[in-house]
Every structure is written in structure tokens, then in C-alpha cells.
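**Student:**
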Amino acid sequence: MFWNSDLLNEMDRLRREMNGLFTHYGRPSEPTTFPLVNIYENDDAITVTAELPGFSKDKVNITFSDGLMTISGKREPVAAVKDMSIVRKERSEGDFEKTLQVPTKIKQDEIHASFSNGILTITLPKADEVKPKTIAIEAK
Amino acid sequence: MTTDLEKREKQEVSTTAAEKLDHSGPAYSPDVDIHLSDDQVTFVTDLPGVSRGDVQITVDESDTLIIRAKNSHQAMEGLVACQFRIGNYYRAFQLSDDYDKDKVSATLENGLLIVNVPMKESEKPKKIQINA
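Protein chains in written order, with this note's numbering: chain A, 1 to 140; chain B, 141 to 272.
(1) From this set, Ala45(A), Val87(A), Glu90(A), Ile106(A), which residue's C-alpha is nearest serine 220(B)'s C-alpha?
(2) Considering only residues of the same chain and omitting the five flanking positions on each side of alanine 246(B), which have a CB-CB separation below 6 Å?
(3) For histidine 213(B), does the count of other Cβ atoms within 10 angstroms reach 16, so buried, or fall short, so exposed?
(4) Does the beta carbon of threonine 23(A) sit closer than 9 Å to a beta carbon anywhere in chain B?
(5) So which residues on chain A does leucine 252(B) lean against when the C-beta distance must stay under 7 Å?
(6) Hey, could you find the ends of the beta strand (DSSP E) valine 220(B) is sitting in?
(7) Taking the beta carbon of glutamate 138(A) as the centre, do at least 16 other beta carbons fall within 10 Å, making it buried, or is it exposed?
(8) What would DSSP say about aspartate 173(B), mapped onto helix, strand or coil?
(9) For the beta strand (DSSP E) that contains lysine 74(A), what are its first and last residues?
(10) How many Å lie between isoleucine 122(A) and arginine 88(A) at the Cα?
(11) Out of Leu145(B), Thr185(B), Ala167(B), state which residue places its alpha-carbon closest to the alpha-carbon of valine 81(A).
(12) Measure how close the beta-carbons of arginine 225(B) and serine 169(B) come, nearest whole angstrom, since I'm counting them as under 8 Å.
(13) Between the segment 175-190 of chain B and the segment 249-265 of chain B, do at least 3 Cβ pairs fall closer than 8 Å?
(14) Just the C-alpha distance for aspartate 66(A) and glutamine 234(B), rounded to the nearest angstrom, thanks.
(15) Do we get a CB-CB distance below 9 Å when we pair leucine 145(B) with the residues of chain A?
(16) Could you please tell me which residues of the segment 75-95 of chain A, in chain order, have their CB closer than 8 Å to any CB of chain B?
(17) With 16 as the cutoff for other CB atoms within 10 Å, does proline 265(B) come out buried or exposed?
(18) Have a look at methionine 94(A) and glycine 193(B) and give me their C-alpha separation to the nearest angstrom.
(19) Just reading off the beta strand (DSSP E) that phenylalanine 233(B) is part of, what are its end residues?
(20) So is valine 37(A) in contact with chain E if we call contact Cβ pairs under 9 Å?
(21) Can you give me the start and stop residues for the beta strand (DSSP E) that valine 195(B) sits inside?
(22) Cβ of valine 102(A) within 9 Å of Cβ of phenylalanine 55(A)?
(23) Just to check my reading of the structure: glutamine 223(B) and leucine 36(A) have Cβ atoms closer than 8 Å, yes? What is that Cβ distance to the nearest angstrom?
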């Protein structure tokens, strides 16, 4: 299983996203769609982690359909500072939607997501038919 | 649907600043919003991966507010795409004399840190009664 620019693609801003992912690895990259994600893969599952500080689990929507996973929601202004004036703004707010193409068959009913300290972790278990198989060699 | 919300990967902190960290490994500069009112300044800081108890907030002798945080989120095996790096956080701000560095308060919830620094009582704007 290979993740390359044909298989793993952000539906919008494809090229910039790909440049950020694969040519600026380990360096500050061009801005990309919120939230930033890291993707891991092993024989059993694909795991997507996303930085969503300040979010609770009921403020983020995750959908999976036809091999496309979408993370969406709205980043609201922080209530505690709503009446104060802004002197520096680095954190962006507003609606977001990020779609990733998952290049392998997934057990859709077993997708699992959890939130810990503002990091979302989504586990997508691979379908049995795409998992690597060990072939036993019979002795004659 | 198009979306305008974008995110730039955080910058690595320079070596001199990172040396002051109590924790090993690279440190990054988290995104911060600064808000001001008549009687306080508030720093809203993104610290994804940081648990309560892993943030250290200090004001040093030169009135520099320093936020240090240990990231407990761990990378896994088999990284195939990377948009964010995982490390500790470090950010410093110079406070003016008007602020009361003994009354700094902070909350951390879901990886979002909010630090309040009140103005000194003597610097707060005063309401002057107009007598009839």
C-alpha cells in the first residue's frame, strides 16, 4: 500500500496541500486547510490525527463515504475574551472542512474516533481482504 | 463548499529560547491571540496535546511572561503524511509595568490555554463621579 499524490489527495487545493505534505516535510510549510493532520498506517489500520485545540468532541463532525473522509466544524471565538479588543491574532476562526481520500478498503462500521487534550484521533480499520496475509507452506 | 480557514505549521523555537525549557526535545512556538480590556490582558494559546499540570507559566525579573508546556501526544509508528510536528511549546511576552505579575491566572481546557494578567490597581481607569 502506497500513499502518494495520486492516492492521498485533499479535494480542494490539491497541489498546494501535496507540496506541503511531501516536499516541505519537517519544515514550516505553506498554509493548508485547517486542521493540520498526521496520518499513520500499519497492517491493520490507518490512523489520522488532527490538531483541534479548544474543541470538544461534540463540536467536530466526521463523515466517511466512498473512500472519502471529511472532518468539519466551526471554530468559534473564545467566549472569555469576546468583549475585549484584539491586539494580536494568530489563531484563525470560522467554518472548516477537510477531506482526505483513503486509498484502501475500510471497515466502515468500525471507524473509531477519540479526543484527548485537543488532538483528535480517528482509527480506520482495514477491510480483511486488503490486510497482508501470511501464506503457510505445506510440508510434503 | 469552500472554506477560508487555513493553518500554517508552527515555527520551531530558536536554540537559545529552547535551552530554557525543562523538557528535552525540540520546542515550537504555539499560536497566540492577545486580547486587551481596560483592566487586563488575556493570552489565548493553542497547546494541542498538553494535559493540565504540564504547563508552566512564569514571570521573570524583567517582567517577561513565559509559557512552557510539555506535549504528551506521542507519534505512532508508520507515519505516511505529516502536516504537524510534535514537540513541546515555548512562548514569551514582555509585560509592561502596568500589569500585576503576582496575579496571573490561567485555565487549560482541551488543549487551549487562557492566561489572564490584571492591571495593577493603580493603573486601572478610574470612574470619576460628577457631582450635581
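By construction, the Cβ of each residue, glycine as well, lies at the ideal position given by its N, Cα and C atoms.
**Tutor:** Short version:
(1) Counting from one through the second sequence, the residue named residue 220(B) turns up at place 80. Note on residue identity: the sequence assigns valine, not serine, to residue 220(B). It is Ala45(A).
(2) Residue mapping note: residue 246(B) aligns to position 106 of the second sequence, counting from 1. For alanine 246(B), where only same-chain residues beyond five positions count, the Cβ hits under 6 Å are Ile197, Val255.
(3) Here the question's residue 213(B) lines up with position 73 in the second sequence. The residue in question, histidine 213(B), is buried, as its Cβ has 16 or more Cβ neighbours within 10 Å.
(4) Here the question's residue 23(A) lines up with position 23 in the first sequence. Because threonine 23(A) carries a pLDDT of 41, less than 50, the predicted location of this residue cannot be relied on, and the following value inherits that uncertainty. Taking Cβ atoms only, chain B never reaches closer than 9 Å to threonine 23(A), which makes this a no.
(5) Locating residue 252(B) in the second sequence gives position 112, where the first residue counts as 1. Within 7 Å Cβ-Cβ: Pro53, Gly54, Gly118.
(6) What you label residue 220(B) is simply residue 80 of the second sequence in a count that begins at 1. Note, valine 220(B): beta strand (DSSP E), 219-222.
(7) If you number the first sequence from 1, residue 138(A) lands on position 138. Glutamate 138(A) should be labelled exposed.
(8) Position 33 of the second sequence holds residue 173(B). Strand, per DSSP.
(9) Residue numbering aside, residue 74(A) sits at position 74 when the first sequence is read from its first letter. Taken as a continuous stretch (DSSP letters only), the beta strand (DSSP E) holding lysine 74(A) covers 68-75.
(10) As a working mapping, residue 122(A) is identified with position 122 in the first sequence. As a working mapping, residue 88(A) is identified with position 88 in the first sequence. When rounded, the separation of the alpha-carbon atoms in isoleucine 122(A) and arginine 88(A) is 32 Å.
(11) Sequence index remark: in the first sequence, residue 81(A) carries index 81 (1-based). Nearest neighbour of valine 81(A) by Cα position, chosen from Leu145(B), Thr185(B), Ala167(B), turns out to be Thr185(B).
(12) Start at 1 with the first residue of the second sequence, and residue 225(B) comes out as number 85. Start at 1 with the first residue of the second sequence, and residue 169(B) comes out as number 29. Their Cβ separation, rounded to whole angstroms, is 12 Å, which puts arginine 225(B) and serine 169(B) out of contact at 8 Å.
(13) Cβ pair count under 8 Å is three or more, so yes.
(14) As a first step, residue 66(A) must be located in the first sequence, where it is residue number 66. As a first step, residue 234(B) must be located in the second sequence, where it is residue number 94. If you take the alpha carbons of aspartate 66(A) and glutamine 234(B), they lie about 51 Å apart.
(15) Against the second sequence, residue 145(B) aligns to sequence position 5. For leucine 145(B), the answer is yes, since a Cβ of chain A falls inside 9 Å of its Cβ.
(16) Arg75, Val78, Ala80, Val81, Asp83, Met84, Ser85, Ile86, Val87, Arg88, Lys89, Glu90, Arg91, Ser92, Glu93, Gly94, Asp95
(17) The sequence position of residue 265(B) within the second sequence is 125, counting from 1. Answer is exposed; the Cβ neighbour count stays below 16.
(18) Here residue 94(A) refers to the residue found at position 94 when the first sequence is read from its first residue. Here residue 193(B) refers to the residue found at position 53 when the second sequence is read from its first residue. Per the sequence presented here, residue 94(A) reads as glycine, with methionine not at that position. If I take the Cα positions, the gap works out to 30 Å.
(19) Sequence index remark: in the second sequence, residue 233(B) carries index 93 (1-based). Here the beta strand (DSSP E) through phenylalanine 233(B) covers 228-234.
(20) The chain inventory of the structure shown lacks chain E, comprising the protein chains A and B.
(21) In the second sequence, counting from the first residue as 1, residue 195(B) sits at position 55. Segment 195-199, the beta strand (DSSP E) holding valine 195(B).
(22) Reading the first sequence from its first residue, position 102 is the one you call residue 102(A). Reading the first sequence from its first residue, position 55 is the one you call residue 55(A). Not in contact: valine 102(A) and phenylalanine 55(A) (Cβ atoms no closer than 9 Å).
(23) Here residue 223(B) refers to the residue found at position 83 of the second sequence. Here residue 36(A) refers to the residue found at position 36 of the first sequence. That pair is a contact at about 4 Å.
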